[in-house]
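What follows is one structure encoded as C-alpha cells, with my remarks underneath.
4 protein chains.
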Amino acid sequence: MEPYIYRHRVRYRECDPMGVAYHAHYLDWFEAARTEMVRTLGLPYRQLEALGIFMPVVAATVRYHRPAYYDDLLEIHVRIPEPPRARIRFAYLVFREGETEALASGEVVLCFLDRNRLRPIPAPEIVRQLWAHYATDPR
Amino acid sequence: MEPYIYRHRVRYRECDPMGVAYHAHYLDWFEAARTEMVRTLGLPYRQLEALGIFMPVVAATVRYHRPAYYDDLLEIHVRIPEPPRARIRFAYLVFREGETEALASGEVVLCFLDRNRLRPIPAPEIVRQLWAHYATDPR
Amino acid sequence: MEPYIYRHRVRYRECDPMGVAYHAHYLDWFEAARTEMVRTLGLPYRQLEALGIFMPVVAATVRYHRPAYYDDLLEIHVRIPEPPRARIRFAYLVFREGETEALASGEVVLCFLDRNRLRPIPAPEIVRQLWAHYATDPR
Amino acid sequence: MEPYIYRHRVRYRECDPMGVAYHAHYLDWFEAARTEMVRTLGLPYRQLEALGIFMPVVAATVRYHRPAYYDDLLEIHVRIPEPPRARIRFAYLVFREGETEALASGEVVLCFLDRNRLRPIPAPEIVRQLWAHYATDPR
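Residue numbers (this note's numbering), protein chains in the order written: chain A, 82 to 220; chain B, 82 to 220; chain C, 82 to 220; chain D, 82 to 220.
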C-alpha cells in the first residue's frame, strides 16, 4: 500500500552547529507525520483520546544515512506495515524533496492504554477498522 | 534580596548554525531556574499542582545582549522582585560562569488558576508565605 | 499593510501536562512564520546567510491571553511595522482558526551581523528593498 | 566497567498531556549524558570539534518500558561497550532515582567525520586512547 507523505521544512531552531538537522527532531517529524496520516484516514488522534484511548510510544529507532540541511523541504513517508494488534508500528522514510535516496529511515511502535492509562489493551476496534480501510484504499 | 542561581551547561541540541544558543531555549532555562528556586524555598511546583493550583505563563520577555556558546556553563540568576498578588513575576539575568556582564536578561510572569484551570485566582496563601520567607531569609 | 499568515497545527510534543501549548514554543512558531513571510517576499533567509548576512534575535516578547490546545490549527499573523534600520522588528498575533480574538501577541527584534558575525551592521540594502516592496505590495 | 551516571530532573516543558516525559526527549538526555561522561574522561566534545573531529549520530534506538513523570529525578547510565572503530556506540539505561528497574533503555551510534565534515574517518587516536583509559579505569 502507498505511504502517506508529510512535508516539513527544516527550521533554524532544528539545526545544530554542524549546520544540519539535529537527530532528535526526526522523532518530532515522525509524530507530525503519523498524526496527519491518521487524520486523513478519518480519525484524528485527539478524538481517540476523547474516547479514552491513549497511545504511548514503546519503541523508536532512527537510522541517519545523510544529513538534512537548514531550509530543506523534506518528505516524510509513513506506512503502517502490519495490522495493529497489541501494538501498532509506523515505518518511516525521510527524503529531501525531489530526491530518491532516503536521508533517514525509522520506525515508531505505540501501544494502547485504557482510560486510566494504567493497563495496556489490544488495538481498539476503531483502530483496526482504520487499518483495514488503509490497507485496501490507501487514499 | 539575593537571587537564586541555577547552573546550566549549553547543549549541542540547543545551538544553531551560528554556533550559539538558540534564543527560544532561554525560556526553557528560566523554567528550570524558577522550579529549582521554588523547591529550595520548600515548595516543589509539583506539590502546588497536587493542591489544585496551576500557574500558566501570561507574559515572557528576553533581551539578548551577547551570545552563549556550545558547552558554556551558564549561571541563571532568578529573583521574585515583588510579593505575588494576582500574578507572580520572576526576573532573570544570565551570565557565563565567571563573567560579570550579563549575556541576557528577562522576565516571566505567571498567574494562578483554580483546580479546573478556568478561573484566575489571587496568589494562594501558601505562595505568599513562600515569598515572605524568601524576602526575609533568601535561601 | 496586510499581515502574512502562517498556519501551524499544535503538536502533542508541544503540549504540557495542563494540556495546552507550552509557552516557549510560540517563539518557534514565530521563527517559522517570519521565515515563510520573508520567502514570499522573494528572499529566503538561507540566501541571506549565503550572502554573509546573519540576523540574531536581540529581543523577544510574548503575551499569552488564552491557551492553545493540542491539535488546534493556529494562524500566526506576522507584520514588519517599520522599515528596518539597525534592527528589524516582527510583530505577531496568534489566532485559533476561525476566531477573531487573539490567543497571544508578541514581537521579535533582530539585528544584522557581518560575515564574521562579530560586528553589527545597518540593515543591508537587499533587506530594505524587501521591506519597501512589502510596504507597497504586501504579497 | 562501570557506567557513568548523569542526573536529570524532568522538566514541565518535557512532559506531554499524558503527564509523562515525551519520548523524543530521551535522546536529548542521552546527548547530555555522553557529553558529561566524555568530559570526565578528560576530553570535552567541544575540544574534539576544535581539533577538526565531528561526530554525527548515525543511529539511535530507545525502548520505553515505563513512564517518567514531571519532576522525577532520573539517573541516566551510559557505557561504551566496545572499543570505537569506524563507529562508537553508547548504551543507556534510564532509572528513576532509587529504583532498580529501568524506565527505558537505548543506544546511540556515532561516526567520525574529518574537518570538512564530508568523509567518514576511523576513530581518531585520541578517542581510542580515551576508551582504553575508560575500559581500565572508569572514572
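Note that beta-carbon positions come from the ideal geometry of N, C-alpha and C, so glycine has one too. In this text, all values refer to a predicted model and were calculated from it rather than measured experimentally.
Cutoff 8 Å: residue i Cβ touching any chain C Cβ
i	result
residue 90 of chain B	no
residue 148 of chain B	yes
residue 102 of chain D	no
residue 211 of chain D	no
Residue i at chain A interface by Cβ criterion, 8 Å
i	result
residue 126 of chain D	no
Rounded separation between residue i and residue j - CA only
i	j	result
residue 99 of chain B	residue 196 of chain A	45 Å
residue 187 of chain D	residue 215 of chain C	49 Å
residue 106 of chain B	residue 127 of chain C	22 Å
residue 217 of chain A	residue 152 of chain C	27 Å
residue 119 of chain C	residue 176 of chain C	20 Å
residue 286 of chain C	residue 97 of chain B	The requested residue 286 of chain C does not occur in the structure, where chain C is confined to residues 82 to 220.
residue 102 of chain B	residue 95 of chain B	5 Å
residue 129 of chain D	residue 132 of chain B	48 Å
residue 91 of chain C	residue 82 of chain D	44 Å
residue 170 of chain D	residue 171 of chain C	44 Å
residue 87 of chain B	residue 166 of chain D	38 Å
residue 145 of chain A	residue 145 of chain D	21 Å
residue 219 of chain A	residue 135 of chain B	Annotation note: pLDDT 49 at residue 219 of chain A (below 50); position unreliable, coordinate value reported separately. If I take the Cα positions, the gap works out to 43 Å.
residue 180 of chain A	residue 110 of chain A	18 Å
residue 182 of chain C	residue 182 of chain B	41 Å
Residue i vs residue j beta-carbon contact at 8 Å
i	j	result
residue 157 of chain B	residue 89 of chain B	yes
residue 162 of chain A	residue 212 of chain A	no
residue 117 of chain C	residue 93 of chain A	no
residue 124 of chain D	residue 207 of chain D	yes
residue 108 of chain C	residue 149 of chain C	no
residue 209 of chain A	residue 184 of chain A	no
residue 121 of chain B	residue 85 of chain B	yes
Anticipated Cβ contact below 8 Å, residue i with residue j, distance rounded
i	j	result
residue 194 of chain A	residue 178 of chain A	Residue 194 of chain A to residue 178 of chain A, Cβ: 36 Å. No contact.
residue 114 of chain C	residue 159 of chain C	5 Å
residue 139 of chain D	residue 168 of chain D	7 Å
residue 137 of chain D	residue 191 of chain D	6 Å
C-beta neighbour in chain D for residue i, strict 8 Å
i	result
residue 198 of chain A	yes
Minimum Cβ-Cβ distance from residue i to chain B less than 8 Å
i	result
residue 85 of chain D	no
residue 219 of chain D	Confidence at residue 219 of chain D is low in this model, with a pLDDT of 49, below 50, so the placement of that residue is unreliable and no value is reported for it.
Original post:
Which residues, in chain order, does the segment 93-118 of chain D contribute to contact with chain C at a C-beta distance below 7 Å?
Top reply: Under the 7 Å Cβ criterion, the segment 93-118 of chain D contributes 93, 94, 96, 97, 98, 100, 103, 105.
Subject >> Contact residues within the segment 130-164 of chain C, judged by C-beta distance below 7 Å to chain A >> reply: Answer set for the segment 130-164 of chain C: 151, 152.
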